[in-house]
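Reading through the structure tokens given below for one structure.
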Amino acid sequence: MSIPWIRYAPSLSRKLLLPMLGFFVVGMISSVIIVRSVLEHDLQSRSIERARALQHAIGFAADMGGSADAFQRFVTAMGSATDVLSIVVVHGDKHRILASSRPGWIGQSIEDLHARGMEQFHELATKSPEEDLAAQYYQFDDNKLQASFAMDSALLRTRNSPASKGFVFLQLDTTLMSHQRMSIAAALLGLGALGIITLTAFMAMLLRRKVILPIQGLVDWSRDPDREQGKPADTRLAAIDPEDEIGALSFSLQSMLQSRKEKTEHLQRTSIELEKARAKAESANSAKSAFLTNMSHEIRTPMTAILGYADLLQDPELASEDRNDYVETIVRNGRHLMTLLDELLDLSKIESGKLSIESILIDPQEILEDIKRLMSARARERDIELDLQLESNSPRAMETDPLRLRQILANLIGNAIKFTERGGVRVRLGKKSGHILVEVEDDGIGISPEKQEKLFEPFAQADESMSRRFGGTGLGLAISRRLAELLGGKLHLKRSAPSEGSCFALELPMGTAEQSVVPKQSPLHRSESQELEQPIGRVLLAEDGIDNQKLISRILQKAGAELTVVDNGRKAVDAALEAREQGRAFDLILMDMQMPVLDGMGAVSELRQQQYLGPIVALTANAMSGDRARYIEGGCDGYEPKPIERKKFLATCRSLSQAGRQA
217 MSIPWIRYAP SLSRKLLLPM LGFFVVGMIS SVIIVRSVLE HDLQSRSIER
267 ARALQHAIGF AADMGGSADA FQRFVTAMGS ATDVLSIVVV HGDKHRILAS
317 SRPGWIGQSI EDLHARGMEQ FHELATKSPE EDLAAQYYQF DDNKLQASFA
367 MDSALLRTRN SPASKGFVFL QLDTTLMSHQ RMSIAAALLG LGALGIITLT
417 AFMAMLLRRK VILPIQGLVD WSRDPDREQG KPADTRLAAI DPEDEIGALS
467 FSLQSMLQSR KEKTEHLQRT SIELEKARAK AESANSAKSA FLTNMSHEIR
517 TPMTAILGYA DLLQDPELAS EDRNDYVETI VRNGRHLMTL LDELLDLSKI
567 ESGKLSIESI LIDPQEILED IKRLMSARAR ERDIELDLQL ESNSPRAMET
617 DPLRLRQILA NLIGNAIKFT ERGGVRVRLG KKSGHILVEV EDDGIGISPE
667 KQEKLFEPFA QADESMSRRF GGTGLGLAIS RRLAELLGGK LHLKRSAPSE
717 GSCFALELPM GTAEQSVVPK QSPLHRSESQ ELEQPIGRVL LAEDGIDNQK
767 LISRILQKAG AELTVVDNGR KAVDAALEAR EQGRAFDLIL MDMQMPVLDG
817 MGAVSELRQQ QYLGPIVALT ANAMSGDRAR YIEGGCDGYE PKPIERKKFL
867 ATCRSLSQAG RQA
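To convert, take the position in the sequence shown, counting from 1, and add 216; that gives the working numbering.
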């Protein structure tokens, strides 16, 4: 079909119309492909339905319980259909042919079929049941459907192998159905082609009147010599009447340009954010790698001292003075290791949101004075002056967690001493708007502005070289800031500069505490001093670790306890109940929580079920948040984490054993 005006139309018309014609051609080809695909799918579906119908009929006949000859006649009758090429029924065991639409195949093996060119039967049938053969299998090849079905019928079970499965193999001729669908496809495609040609001609005329001519007007307008030179294209398009199609086109172009501009800007911002995230991730990985390296050093250093001095202690000719010095060194390094582990556990608890916080009435001045006494020796070693300055409005009472407050202050003051080589460290306590304000100022090395950003990040110090020079894990400040936030306050770097020292400020709410003085000696201290003279009495120790047995036994025996030791929870239950029956119940039971045969919690539960009312203390290396509450709720009266602190451990034993005797 020739459209004369296309030949003489401007190039813009050809660029619009020819692609449209190409679109319809592509549409025609796509229609052919789609129709062919639909018909092919329909052909396969109908062929599979036909195969399933044959399979169901054969399976029904096999289950009727008739003879093999009757079953063969049925299969022969089914195979006489014009679309059935072959039917083969075989045993799963040895793959012998039971029945077939080709009687000459009966009794033969699958290998015989393979020799006759029936490779696909041989490949499927020779698969063993252990390979989990699919219940149904279909394969289309040219105008042929090959199908395989797993079969388990009464007829098969009466043969030589009652437990074996059989298989039904079908070959169907799909030529007739294929020709029928091709005829339908040809008719549909003919009608479609006629419709597309008609639609193409109509669209060509409509395009010329509604699009080509208005675009030509737009072209003429664009060639107007009176248009403003250098005016942006999107602004010039806006001058066209927005009520017609070309106006809408100009508006769309402007919207497209604006959208593209916004997307480009968004892409640039995203690219910048991704680059920052990548840099941050790389920095975090580098920090963690440096932390692991430093942590290895921090652990191996005290371990070297502990193992080395422990080896030296084995010398029988060692002088008493040297022996005491070696023991002090081992204890000091062991406590340093516990500090490292506590920092890691604290960070884990904080990040998982499982760190428990108490609220107790305390005297912040007393806590600062205690920390000063502890830190003074370290300051004297470095020839540094440690000064505690109490302002006139310094509070004497506040409600907070004393353990976490001590942890924050000890870290700040310890860092100030560690990073100060000359000069002094000043600790000021004051009050500000219902908050206590503690400032720790030092004359140390200071921190440069660019390194202050990552100061409170975990696994990082202000400079990696600081780890090598001063030691430390890089966790202290990160933990301290998060603890301050959990206590309702904040910790920040007030000021710092290289070689000019630093000043950290801690602000914490005072709570509902009134301006009063907390007694210097708490009830806990008084009770401990009173309990020092109290006997512990009869104690049952359930502990499976030989070394821990020896250690705890030595501590208790030295304190005057009468001790019985067992190594699992079952023995602990039996010993406790037997002593109660004999009228010599234990004053205290120390129960390790992880033991063979019966663990500590199981033993405690069984004792409480037997109405055992004596005090039980949980001994465990589990020191995560919530462990204490879990053991107390499980029936224990006390909780002592490992490694045990001798004085605190004995105080707990004296207190609970006295309660056991009075019960």
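Using N, Cα and C, we set each Cβ at its ideal position, and we do this for glycine too.
Member of L508, I633, I576 and I578 whose CA lies at the smallest distance from the CA of D599: In this structure, I633 is the residue among L508, I633, I576 and I578 with its C-alpha nearest to the C-alpha of D599.
P831 and G854 closer than 8 Å at C-beta: It is a contact, given that the beta carbons lie within the stated cut-off.
Limits of the unbroken alpha helix (DSSP H) element including A363: Counting along the chain, A363 falls outside any alpha helix (DSSP H), though it belongs to the beta strand (DSSP E) covering K360 to M367.
Bridge partners - G295, DSSP secondary structure assignment: The partner list for G295 (beta bridge, DSSP) is empty, contrary to what the question assumes.
CB contact flag (L202, L709, <8 Å): Because the chain is modelled from 217 through 879, residue 202 falls outside the range shown and cannot be assessed.
Coil, strand or helix - E607 by DSSP: Three-state result, E607: coil.
Own chain, CB closer than 8 Å to S475, minus 5 neighbours either side, in chain order: If we look at S475 and ignore the five residues flanking it on each side, it has no Cβ neighbours.
Whole-angstrom distance between E655 and K647, CA atom to CA atom: Approximately 11 Å, taken between the alpha carbons.
Other residues of its chain near L806: CB distance less than 6 Å, five sequence neighbours each side excluded: Excluding residues within five positions, the ones whose Cβ falls inside 6 Å are L757, V833 and L835.
Contacts around D531, its chain only, beta-carbon distance under 6 Å, and the 5 residues preceding and following it disregarded: Here the set comprises nothing.
Coil, strand or helix - E601 by DSSP: Three-state DSSP puts E601 in a strand.
Pick from I322, M294, Q581 and V820 that is closest to R846, judged by C-alpha positions: Ranking the options by Cα distance to R846, first place goes to V820.
Where the beta strand (DSSP E) through S302 begins and ends: First-last of the beta strand (DSSP E) with S302: V300 to H307.
Start-to-end residues for the alpha helix (DSSP H) that takes in D538: From DSSP, the alpha helix (DSSP H) with D538 extends over S536 to S568.
CA-to-CA distance, L571 to L645, given in whole angstroms: So the two alpha carbons sit approximately 27 Å from each other.
Coarse secondary structure for R870, derived from DSSP in three states: Looking at R870 - three-state DSSP - the assignment turns out to be helix.
Alpha-carbon to alpha-carbon, H482 and A454: Annotation note: pLDDT 47 at A454 (below 50); position unreliable, coordinate value reported separately. Cα atoms of A454 and H482: separation of roughly 25 Å, rounded to the nearest angstrom.
Where the beta strand (DSSP E) containing Q387 begins and where it ends: Residues G382 to D389.
Per-residue burial, T298 [other beta carbons within 10 Å of its own, 16 or more giving buried]: Label assigned to T298: exposed.
Neighbour-count burial assignment, V813, 16 or more Cβ in a 10 Å radius: It is exposed - the Cβ of V813 has fewer than 16 other Cβ atoms within 10 Å.
Paired residues, beta bridge with E758 - DSSP: For the record, residue 758 in the displayed sequence is Ala; it is not Glu. Partner(s): V782 and M807.
Option in S696, I546 and A791 with minimal Cα separation from I624: It is S696.
Residue burial classification, T868 (beta-carbon count within 10 angstroms, cutoff 16): Counting C-beta atoms within 10 angstroms of its own C-beta, T868 has 16 or more neighbours from the protein chains shown and is therefore classed as buried.
Proximity winner among R786, Q810 and D808, relative to E822 (alpha-carbon distances): With distances taken between CA atoms, E822 lies nearest to R786 out of R786, Q810 and D808.
Selected residue, minimal CA-CA separation from A837, among E856, V755, T390 and A267: Ranked by Cα distance from A837, the options E856, V755, T390 and A267 are led by E856.
Residue range of the unbroken alpha helix (DSSP H) whose run includes E822: Where E822 is concerned, the enclosing alpha helix (DSSP H) stretches over G816 to Q825.
Helix, strand or coil at T374 [DSSP, three-state]: Residue confidence is low: T374 scores 49 on pLDDT, short of 50, so the model does not pin down where it sits. No coordinate-derived value is stated.
Beta-carbon spacing of L388, L361 below 8 Å: Contact: yes.
Rounded straight-line distance, which links the Cα of F365 to that of F287: Computed Cα separation, rounded: 17 Å.
Proximal residues to F865 (C-beta, below 6 Å), its chain only, five neighbours per side dropped: Around F865: E856.
Distance, L392 Cα to I264 Cα: One C-alpha to the other measures close to 15 Å.
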